[in-house]
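Numbering-wise, numbering that gives the first Met the number 0 puts 204 at position 205 of the sequence shown, and it's gapless, one number per residue.
No residue lacks a Cβ here, since even glycine has one placed at the ideal position from N, Cα and C.
Quick caveat: nothing in here was measured; it's all calculated off a predicted structure.
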Amino acid sequence: MDKGCREKLLLLLYFALYLTVTLTIALNQPLNDTFPSLCNPPDEHSRYKVPLYICSHGTLPTGFEEELFSGECRWTYGFYTLLPYMVQGYVMRFVNLFTDSPLALLYTARLVNVAIGFGMAVLVWLLGRKLFRDDRVRWLFCFLVTFLPQSLFLHTYVNPDSMCLLSTALMLYGLVCGYGDGFSVKSCGFLAAGVILCALSYYNAYGFILGSIILFVAYFLEKKEGRWRYDWRALLKKGIPIGVLVLVCISWSFIRNYILYDGDIIGLTTKENFVKSFGIERETYYSQGKTLAEMLFGTGFIQSLGDSFIASYGSASLYTRRSVYWFYRITFAVGILSVLFFRGREKKVRENFGWRCMLFHLVMVFCMMMPLILLIRYAYTVDYQAQGRYILPGVIPFMYYVSRGFEKFPLWRNCSEGVKNVLCAVMLTGIVVSLLITVYVCALPYYLQAPEIL
């Protein structure tokens, strides 16, 4: 089989596998709590009330509406960023013109995220073509990002995380293209779209916005004839349109929050105060006077976080086989250790980009660490959540380094092309088999046992 046919076959497999598995999950997992397995997605029954409200009323909720309340907790997702729910709600409203079926509306909301995830899969494939010369490593990167069981799971139910992951892919693709073409209109468009979607979807990923600004601004600093020079004209020419477009598209949300919540432009403080107004106090490790170290090392927080980063379906209740966790643990360890301790053939990259290359890596580390830092703070002071889905905004840069590590691994660098083909096939097969085991062996049987989906 020649290279072109192999590429088309892999591309077909890549997209077909994504659609097959996401549709299987989206169309079979129940919405409400199903005891004792709790195989429904985390908080979807509460989140779904927001697009359902938009579908029913045609307007955005304020967060204070009683029909959005989550049981006796007296809090709602109406206080959070609303763009993902707006897209789902208005698509549901369109579908509602043709059917009143509650199940059809639920499927519509979920399929919006399936489509968003498909867009992300396309961007990851395009990003891989920019980042890796070796097609085998490129496909390893694509499969690791898209078919990590937990990453794929986020595109199958109602949540803002799916759009957030798409936004990170857009920002990274815009930056990588921009550093190659001097930030053309296309590159600036991708970057602006990513910033807009990120700002209106998920606060935990705001580190990507800051990182994108740093890398964009740094691009126009260069050293010529031994002197540093900053191209302010180019920065303003390209940066002002991006800034104006972003502000026009996102400012409405923060202005709305400012008006509704007495100056609280994010809305989270208002949400917490609203909960407390009902006499509900969250018991946290911080309020109990326990140390952060006690939470991190005395509760299984780290292992739970790591395992659920790989696979945790249902309401953090359905886990996959141990072999799947060990496959990913070994894959991550080999990749990250190799990228840290082995030298790669990157001389040309360093010559072309110099200090910008180092800055890129520092920013990527920052983008990976920010969701983790915010999660730890939230778990310690607000609500204990040792769930890997909260750190998945950093999945693309993380898998980039894992894939780059395999490219640097001595066994890979020193073997023949035929052996590399075999190693790549083994890795891709392992990723696919791990996903199929997680979905069709460990999760789907529980979905099918649920008395009803809605």
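First through last residue of the beta strand (DSSP E) which encompasses residue i
{"i": "TYR389", "result": "That residue, TYR389, is in no beta strand (DSSP E); it is neither H nor E in DSSP."}
{"i": "GLU221", "result": "220 to 223"}
Opening and closing residue of the alpha helix (DSSP H) in which residue i lies
{"i": "TRP231", "result": "231 to 259"}
{"i": "ALA442", "result": "No alpha helix (DSSP H) holds ALA442; DSSP gives it neither H nor E."}
{"i": "VAL194", "result": "184 to 198"}
{"i": "ILE309", "result": "300 to 309"}
{"i": "ILE115", "result": "101 to 130"}
{"i": "SER55", "result": "48 to 56"}
{"i": "TRP354", "result": "354 to 380"}
{"i": "GLU293", "result": "291 to 297"}
{"i": "VAL432", "result": "416 to 435"}
{"i": "ALA15", "result": "2 to 25"}
{"i": "CYS160", "result": "One detail in the question is off: residue 160 reads as Asp in this sequence, not Cys. That run of the alpha helix (DSSP H) goes 160 to 180."}
{"i": "LEU82", "result": "82 to 94"}
{"i": "TYR399", "result": "394 to 407"}
{"i": "GLU64", "result": "Neither: GLU64 is in no alpha helix (DSSP H) and is coded neither H nor E."}
{"i": "ASN468", "result": "Since the displayed the chain opens at 0 and closes at 453, residue 468 lies outside it and no answer follows."}
{"i": "ARG137", "result": "134 to 146"}
Short Cβ contact (8 Å threshold) for residue i with residue j
{"i": "ARG109", "j": "TYR76", "result": "no"}
{"i": "LYS407", "j": "SER314", "result": "no"}
{"i": "GLU43", "j": "TYR229", "result": "no"}
{"i": "GLY242", "j": "PHE78", "result": "no"}
{"i": "ALA449", "j": "PRO29", "result": "yes"}
{"i": "VAL394", "j": "LEU220", "result": "no"}
{"i": "CYS176", "j": "SER186", "result": "yes"}
{"i": "ARG135", "j": "ASN420", "result": "yes"}
{"i": "TYR400", "j": "ILE329", "result": "no"}
{"i": "VAL245", "j": "ALA191", "result": "yes"}
{"i": "ARG92", "j": "GLY57", "result": "yes"}
{"i": "PHE253", "j": "ILE264", "result": "yes"}
{"i": "VAL333", "j": "THR437", "result": "no"}
{"i": "ASP382", "j": "ARG226", "result": "no"}
{"i": "THR107", "j": "VAL90", "result": "yes"}
{"i": "LYS237", "j": "PHE182", "result": "yes"}
{"i": "TYR389", "j": "ASN203", "result": "yes"}
{"i": "ARG355", "j": "ALA217", "result": "yes"}
{"i": "GLU64", "j": "TYR52", "result": "yes"}
Contacts around residue i, its chain only, beta-carbon distance under 8 Å, and the 5 residues preceding and following it disregarded
{"i": "LEU391", "result": "GLN149, SER150, LEU153, ASP160, LEU164, PHE308 and PRO370"}
{"i": "SER261", "result": "Before going further, note that residue 261 is Asp rather than Ser in the sequence given. So the list reads THR269, once near-sequence residues are dropped."}
{"i": "LEU196", "result": "LEU82, MET162, CYS163, LEU165, SER166 and LEU169"}
{"i": "ASN31", "result": "ASN39, HIS44 and LEU453"}
{"i": "PHE405", "result": "VAL136, LEU139, VAL333, GLY334, SER337, TRP411 and MET426"}
{"i": "TYR306", "result": "Residue 306 is actually Asp in this sequence, not Tyr. Taken in chain order, the residues that qualify are TYR318, TYR324 and GLY387."}
{"i": "GLY127", "result": "ARG137, TRP138, PHE140 and CYS141"}
Inter-residue CB distance, residue i and residue j (contact presumed, cutoff 8 Å)
{"i": "GLN384", "j": "TYR377", "result": "7 Å"}
{"i": "PHE131", "j": "PHE140", "result": "6 Å"}
{"i": "VAL49", "j": "LEU67", "result": "7 Å"}
{"i": "LEU453", "j": "PRO101", "result": "5 Å"}
{"i": "ASN27", "j": "LEU443", "result": "6 Å"}
{"i": "LEU174", "j": "SER200", "result": "Their Cβ separation, rounded to whole angstroms, is 18 Å, which puts LEU174 and SER200 out of contact at 8 Å."}
{"i": "VAL123", "j": "THR98", "result": "The pair is not a contact, with the Cβ atoms about 34 Å apart (cut-off 8 Å)."}
{"i": "TYR327", "j": "CYS441", "result": "14 Å between Cβ atoms; not a contact."}
{"i": "LEU143", "j": "SER402", "result": "6 Å"}
{"i": "TRP138", "j": "LEU427", "result": "6 Å"}
{"i": "LEU171", "j": "LEU358", "result": "Actually they do not touch by this definition, with Cβ atoms about 14 Å apart."}
{"i": "GLN16", "j": "VAL431", "result": "It is worth fixing the name first, because residue 16 is Leu in this sequence and not Gln. Confirmed, about 7 Å."}
{"i": "LEU104", "j": "VAL94", "result": "6 Å"}
{"i": "CYS54", "j": "GLY88", "result": "5 Å"}
Contact set for residue i: own chain, Cβ-Cβ below 6 Å, skip 5 residues either direction
{"i": "LEU291", "result": "TYR379"}
{"i": "ASN112", "result": "HIS154 and SER161"}
{"i": "VAL184", "result": "none"}
{"i": "SER303", "result": "ALA385"}
{"i": "ALA310", "result": "PRO148, GLN149, THR319 and THR437"}
{"i": "ALA25", "result": "ARG109, VAL113 and THR155"}
{"i": "PHE341", "result": "LYS407"}
Close beta carbons around residue i, own chain, < 7 Å, minus the five adjacent residues each side
{"i": "PRO396", "result": "MET363, CYS366 and MET367"}
{"i": "ILE458", "result": "Since the first and last residues shown for the chain are 0 and 453, residue 458 lies out of range."}
{"i": "TYR285", "result": "TYR379 and THR380"}
{"i": "LEU259", "result": "THR61"}
{"i": "LEU22", "result": "VAL113"}
Beta bridge counterpart(s) of residue i as assigned by DSSP
{"i": "TYR312", "result": "LEU317"}
{"i": "TRP227", "result": "LYS222"}
Any non-hydrogen atom of the ligand HEM within 7 Å of residue i CB
{"i": "THR268", "result": "This structure lacks the ligand HEM, and indeed carries no ligand of any kind."}
Short CB-CB distance (under 8 Å) between residue i and chain D
{"i": "ILE329", "result": "Among the chains in the structure shown there is no chain D, since it carries only a single protein chain."}
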